[in-house]
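Residue numbering for the sequence shown follows the working numbering, beginning at 6 and increasing consecutively. Working notes, beginning with the structure itself.
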Amino acid sequence: MDRSVKDPSLRSGFVLVTVLVLATAVALMAHAGLMIGVALDRAARASAGTAEIDAGMARRVAIAGASLATLDDPLPPGVEGRRLSPELLRIRADSAGQGRVGVIWALDPATRIASLGAGVRAGRGVPTADAARITADDADECSPEVVGPAGLPLTMLDAWAIERPLDLGPLDSASWLGLDSLPAVAPGGVTAFRGDGHVRLAPGTWSGVLVIDGSLDVGDGVEITGWVAVTGDVTVGLGGRLVGTLRAGGGVAVHDGGEVRVAPCTAVARMRSLPILTVPRALRPIAWPADPPVNVGAAPPQPTPGPH
């Protein structure tokens, strides 16, 4: 007789060993599951803690940026700053080995004048006959700290391949959506307005910043002084006058009896009167996990001036 098969005691011992092995395996699996759960819980807590730290630093960066009246103002404790350019301030908050970085922008007159390229930049150029009615303004209001550019071309053909007519440093067309819409009458004073579609201004003096997503007619009795940016065509008709700088995505026509006087210092002086440009503002995203791209807010390469 084969005892390995028939002996009940051997069979019971085999079953007991099997049960013990299975019980041990189950216990090990349960322990492993517990350890995995503990590890996941710790990771979740660490992730939540990191997210809380990140959010706190992002808030600190945002609050620090919003507290500045100028880029030279002192920063609150825990936030350090470094100037990237006359118009850009890099600020950083650190905590528990983590950091968040923001970039703050404010207009610098000298930088804006240096980036002009020309008094009038047009996507389809200016007809030769009309170009004769675009002249330099001898009464341009330059100040000792803001010197007009020497030899600034009056006109320039610009395909707007790199930037767009409504761009101003790091600001783009979306940055102007907060401006008030154009009123029905000239408001007086230095103002900033935006318009859409085909815009025909009411007679009077419009001074400051004028942003048009469309086309612009400057008719009889209308005088604009400042920085003008238009995505489409600009027409200066009989009795119309524009003093400052003009950026047009389309063509620029200056009819007989109309006048454009290039005055970069006058344009920048009007811009400096507007809080939307002079009060520091955080560029979005408000906070990066590391240093932002080095070209944030950098002036784009300038196109080649045309004849003037």
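We put the beta carbon where it would ideally sit given N, CA and C, even for glycine.
On the premise that residue j lies in contact with residue i, defined as a C-beta separation below 8 Å, what is that separation, rounded to the nearest angstrom?
i           : j           : result
residue 241 : residue 263 : 4 Å
residue 128 : residue 163 : 6 Å
residue 109 : residue 76  : 6 Å
residue 178 : residue 171 : 4 Å
residue 244 : residue 275 : That pair is no contact at about 22 Å.
residue 121 : residue 157 : 6 Å
residue 72  : residue 82  : Between residue 82 and residue 72 the Cβ distance is about 12 Å, and since that is not below 8 Å, they are no contact.
Between the C-alpha atoms of residue i and residue j, what's the straight-line distance to the nearest angstrom?
i           : j           : result
residue 58  : residue 238 : Confidence at residue 58 is low in this model, with a pLDDT of 43, below 50, so its placement is unreliable and the value that follows should be read with caution. Rounded to the nearest angstrom, the two C-alpha atoms are 50 Å apart.
residue 143 : residue 133 : 22 Å
residue 192 : residue 202 : 20 Å
residue 228 : residue 97  : 45 Å
residue 23  : residue 34  : 16 Å
residue 174 : residue 116 : 9 Å
residue 89  : residue 79  : 16 Å
residue 155 : residue 64  : 44 Å
residue 283 : residue 209 : 26 Å
residue 180 : residue 165 : 18 Å
residue 199 : residue 169 : 16 Å
residue 167 : residue 254 : 12 Å
residue 54  : residue 272 : Its pLDDT being 42, under 50, residue 54 is placed unreliably in this model, and the value from its coordinates should be taken loosely. The alpha-carbon atoms of residue 54 and residue 272 are separated by roughly 49 Å.
residue 219 : residue 148 : 33 Å
Do residue j and residue i count as a contact pair if the criterion is CB distance below 7 Å?
i           : j           : result
residue 66  : residue 95  : no
residue 231 : residue 256 : no
residue 113 : residue 92  : yes
residue 204 : residue 221 : yes
residue 278 : residue 195 : yes
residue 111 : residue 285 : yes
residue 190 : residue 207 : yes
residue 69  : residue 84  : yes
residue 130 : residue 287 : no
residue 266 : residue 140 : yes
residue 197 : residue 160 : no
residue 153 : residue 270 : yes
residue 138 : residue 259 : yes
Could you give the DSSP three-state label for residue i: helix, strand or coil?
i           : result
residue 118 : helix
residue 23  : helix
residue 70  : helix
residue 99  : strand
residue 189 : coil
residue 271 : helix
residue 90  : strand
residue 316 : The displayed coordinates of the chain run from 6 to 313. Any statement about residue 316 would go beyond what the structure contains.
residue 64  : helix
residue 243 : coil
Would you say residue i faces chain D, with C-beta separation under 7 Å as the test?
i          : result
residue 94 : Reference to chain D is not applicable here, since this structure consists of a single protein chain.
Determine which residues share a DSSP beta bridge with residue i and list them.
i           : result
residue 145 : Answer is none; residue 145 lacks a bridge partner.
residue 161 : 126
residue 203 : 220
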